[in-house]
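Below is one structure; the comments refer to it alone.
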Amino acid sequence: MRETAVDPIVSGDDAGLAEQVWRNAAEDPDAVQFVRPDPDPRSWPVRRSGRGGALPVTCRQFRDDVSAVARGLLAAGVAHGDRVGLLSRTRYEWTLVDYALWAIGAVTVPIYETSSAEQISWMLADSGAVGAVLETADHLVTVEGLRRDLPALRQTWRIDAGDLIALAAQGRAVSAGDLDARRRAVSGADIATIVYTSGTTGPPKGCVLRHRNISADIGNATAVLPELLHPGASTVLFLPLAHAFARLIQVGMVHTRATMVHSADVSGVLDQLRRFRPTFILAVPRMFEKLHDQARQSAEDAHRRWLFTFAERVALRYSRALDTGAGPGLPLRLAHLVCDLAAYRRLRAALGGRCRLAMVGGAPLGERLGHFFRGVGITVLEGYGLTETSPALTANLPTALRIGTVGRPLPGVRIRIADDGEVHARGEVVFTGYWNNPEATREALTDDGWLRTGDLGQLDDDGYLRITGRAKEIMVTAAGKNLAPTPIEENIRAHPLVSQVMLVADGRPYVSALVTVDPQAWQRWRDRHGHPGASVSQLRDSPQLRNEIQDAVDRANRSVSHAEQVKTFQILHRDLTEADGELTPTLKVKRKTVEDHFADDVAALYRGH
Numbered sequence: 001m002r003e004t005a006v007d008p009i010v011s012g013d014d015a016g017l018a019e020q021v022w023r024n025a026a027e028d029p030d031a032v033q034f035v036r037p038d039p040d041p042r043s044w045p046v047r048r049s050g051r052g053g054a055l056p057v058t059c060r061q062f063r064d065d066v067s068a069v070a071r072g073l074l075a076a077g078v079a080h081g082d083r084v085g086l087l088s089r090t091r092y093e094w095t096l097v098d099y100a101l102w103a104i105g106a107v108t109v110p111i112y113e114t115s116s117a118e119q120i121s122w123m124l125a126d127s128g129a130v131g132a133v134l135e136t137a138d139h140l141v142t143v144e145g146l147r148r149d150l151p152a153l154r155q156t157w158r159i160d161a162g163d164l165i166a167l168a169a170q171g172r173a174v175s176a177g178d179l180d181a182r183r184r185a186v187s188g189a190d191i192a193t194i195v196y197t198s199g200t201t202g203p204p205k206g207c208v209l210r211h212r213n214i215s216a217d218i219g220n221a222t223a224v225l226p227e228l229l230h231p232g233a234s235t236v237l238f239l240p241l242a243h244a245f246a247r248l249i250q251v252g253m254v255h256t257r258a259t260m261v262h263s264a265d266v267s268g269v270l271d272q273l274r275r276f277r278p279t280f281i282l283a284v285p286r287m288f289e290k291l292h293d294q295a296r297q298s299a300e301d302a303h304r305r306w307l308f309t310f311a312e313r314v315a316l317r318y319s320r321a322l323d324t325g326a327g328p329g330l331p332l333r334l335a336h337l338v339c340d341l342a343a344y345r346r347l348r349a350a351l352g353g354r355c356r357l358a359m360v361g362g363a364p365l366g367e368r369l370g371h372f373f374r375g376v377g378i379t380v381l382e383g384y385g386l387t388e389t390s391p392a393l394t395a396n397l398p399t400a401l402r403i404g405t406v407g408r409p410l411p412g413v414r415i416r417i418a419d420d421g422e423v424h425a426r427g428e429v430v431f432t433g434y435w436n437n438p439e440a441t442r443e444a445l446t447d448d449g450w451l452r453t454g455d456l457g458q459l460d461d462d463g464y465l466r467i468t469g470r471a472k473e474i475m476v477t478a479a480g481k482n483l484a485p486t487p488i489e490e491n492i493r494a495h496p497l498v499s500q501v502m503l504v505a506d507g508r509p510y511v512s513a514l515v516t517v518d519p520q521a522w523q524r525w526r527d528r529h530g531h532p533g534a535s536v537s538q539l540r541d542s543p544q545l546r547n548e549i550q551d552a553v554d555r556a557n558r559s560v561s562h563a564e565q566v567k568t569f570q571i572l573h574r575d576l577t578e579a580d581g582e583l584t585p586t587l588k589v590k591r592k593t594v595e596d597h598f599a600d601d602v603a604a605l606y607r608g609h
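Residues 1 to 609 (full-length UniProt numbering) make up the sequence shown, in order.
See the structure below:
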């Protein structure tokens with residue numbers, strides 16, 4: 001086994017997470033903690049004349065809002081340790097309810113707003129939720145239809161119907177002193193949240209995270225990432241707050257009194273970035289793939305493909321040279337300056353113009369994209385973690401960056417690679433177990449107390465971790481060849497026309513791939529190749545389209561051994577979607593579901609063998 005560890009800088013707080021809200025209000029009451037882009041006064045009051053435009057929320061105002069909702073929850077009978085579901089898109093009220101629950105020692109059960117009725121029922125029933133905060137009328141209809149299966153559920157509150165405002169009014173019967181007593185009774189050992197893993201197989205498991213788990217994670221992360229999280233920093237958060245990574249950033253913004261803008265409309269993210277000009281963003285790698293592809297496509301549309309090709313090559317060379325002792329030479333620095341004036345500034349402007357740092361997680365970014373964006377002037381810091389680890393375990397830092405890895409352990413984290421290649425983790429950030437599931441807890445933890453992550457990885461001599469795949473996704477061909485699908489899939493997906501890739505190889509004579517076409521790239525491609533109005537389904541067997549995808553497959557095949565190479569592929573008639581159950585909310589492919597949904601396409605890959 002190989003092992004590496006970093007000593008903790010801070011320990012988890014003995015108080016609850018909501019205590020920071022009161023500290024902020026006392027120490028810097030007028031600091032802007034949040035910005036509500038276009039607030040709806042029917043959901044939560046707008047304390048100023050006029051209803052248009054963005055509304056800043058100071059630390060003092062946020063404390064008052066949290067206090068009002070917390071007192072309402074007390075008046076409604078929510079007790080210390082009670083579980084309350086929270087089903088909503090990313091918006092100010094999500095964070096408001098989260099901290100209000102924490103302020104009274106209650107437990108937040110976050111639910112993705114895209115969850116199916118079956119998933120919602122499972123999470124509310126398994127957690128024994130006594131209440132649920134819901135965003136829309138559709139959410140309420142869904143939950144009301146599940147009532148007979150939810151005996152513990154006493155109350156629901158609908159955000160867009162003004163129920164939080166009514167709840168706050170109800171809370172006026174509770175004194176501020178009563179709330180203070182409840183808040184001070186919350187300790188770091190209390191449960192803060194039960195986060196159900198989206199999972200690619202089986203029913204979701206509820207990860208029990210305590211206040212101390214989360215405070216230890218964010219306390220140590222902010223200690224080594226002062227360039228990212230500090231007073232004066234800002235971000236537009238558009239990832240769902242039900243995801244543990246986004247939730248940690250929410251806590252980090254409150255912890256450091258930085259400014260967060262909630263963005264519920266994912267399709268309008270670029271407009272929000274240009275409008276609010278954040279200093280950093282949190283994203284999944286797919287966003288950076290799309291930014292890269294859009295920049296290339298814009299250059300092609302303007303008949304300047306040559307400029308993009310040159311600028312891309314310079315960005316890659318410049319970034320890689322930064323990792324050498326000598327650094328970029330004078331000719332490369334001059335070329336980089338020219339490209340900055342001609343191209344890079346436009347790409348940075350798409351993120352608002354001030355963003356120089358980004359955090360990504362949930363999937364590998366890929367070395368090429370990492371070097372490209374650093375060369376452009378946006379350093380993308382790749383990290384790694386799981387819901388079970390609060391969630392961050394490792395991170396690249398601006399001062400300690402190794403592109404292609406997920407960085408070194410955060411302070412207080414120990415990482416080891418088991419003999420079978422699985423990554424194990426220990427530290428104050430690791431959860432205590434799954435809710436109502438002792439068997440799964442025993443499976444997750446080793447006899448000597450390490451968490452089995454389920455991921456395969458390697459540690460280099462400097463302690464940087466590289467994730468090489470998922471243990472459960474290792475495929476074994478009929479010839480007995482083991483392969484990890486993720487690296488090959490990433491390389492194929494780098495092609496601008498490709499949306500999703502899933503290898504098929506388990507127990508089969510050779511490696512094949514299912515490929516989907518990116519809907520936006522498809523429109524340009526079909527028009528450019530003389531097929532206006534045609535669908536992917538109509539052209540998926542055409543030599544033109546297959547040759548395009550074959551180029552991506554050939555490039556990926558050059559990076560692996562002969563036995564691992566993709567021999568053939570099938571272009572699916574549509575993209576994979578979360579709504580059809582083929583993707584998790586963080587866009588991971590559910591392999592078994594995809595194989596079931598596209599069984600005929602899989603069979604076609606091996607017809608005649």
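Note that the Cβ used here is the ideal one computed from N, Cα and C, for glycine as well.
Contact between the region 98 to 106 and the region 115 to 129 is absent, with fewer than three C-beta pairs closer than 8 Å.
DSSP links Ile403 through a beta bridge to Thr405. Residue environment for Ser115: buried (at least 16 other C-beta atoms within 10 angstroms of its C-beta). Look at the region 442 to 493 and you find these whole runs of beta strand (DSSP E), each 3 residues long or longer: 451 to 459, 465 to 470.
Here the region 399 to 414 makes contact with the region 379 to 391; the two share three or more CB pairs at distances below 8 Å.
The region 79 to 89 makes contact with the region 129 to 145; the number of CB pairs closer than 8 Å reaches 3 or more.
With a cut-off of 8 Å on Cβ pairs, the region 341 to 351 is in contact with the region 309 to 320, counting three or more such pairs. Contact between the region 355 to 366 and the region 480 to 500 is present, with at least three C-beta pairs closer than 8 Å.
Under a 10 Å Cβ-count criterion, Ala117 is classified as exposed, with fewer than 16 other Cβ atoms of the shown protein chains found around its own Cβ. In terms of Cβ geometry, Arg210 and Thr432 form a close pair [threshold 8 Å]. Only residues of its own chain outside the window of five on either side were considered, and among them Leu248, Ser390, Ala392, Val429 have a CB closer than 7 Å to the CB of Asp217, listed in chain order.
Taking a contact to require three or more Cβ pairs closer than 8 Å, the region 565 to 584 and the region 534 to 546 qualify as touching.
Unbroken alpha helix (DSSP H) runs of no fewer than 4 residues, entirely contained in the region 278 to 334, are found at 285 to 301, 305 to 322, following chain order.
Apart from the 5 residues on each side of it in sequence, Thr477 sits with its Cβ closer than 8 Å to the Cβ of Leu483, Ala505, Asp506, Gly507, Arg508, Pro509, Tyr510, Val511, Ala563 in its chain, given in chain order. For Arg172, there is no enclosing beta strand (DSSP E), as DSSP gives it neither H nor E. Buried is the label assigned to Ser215, since at least 16 other Cβ atoms lie within 10 Å of its Cβ.
If you draw a 10 Å sphere on the C-beta of His255, you find 16 or more other C-beta atoms in it, and that means buried.
For Tyr384, the uninterrupted beta strand (DSSP E) run begins and ends at 379 to 385, by DSSP. With contacts defined as CB atoms closer than 8 Å, Pro110 and Thr235 fail to qualify as a contacting pair.
By DSSP's assignment, Cys59 forms no beta bridge with any residue. Within the same chain, Cβ atoms closer than 8 Å to the Cβ of Gly162 are found at Arg42, Ser43, the five residues on either side in sequence being excluded.
In the three-state scheme derived from DSSP, where H, G and I count as helix and E and B as strand, Leu497 is classed as coil.
Distances from the alpha-carbon of Trp122 to those of Ala244, Val195, Asp271, Asp28 put Val195 closest.
By the neighbour-count criterion, in which 16 or more other beta carbons inside 10 Å mark a residue as buried, Arg183 falls on the buried side. In this structure the region 53 to 65 touches the region 20 to 37; the number of beta carbon pairs closer than 8 Å is three or more.
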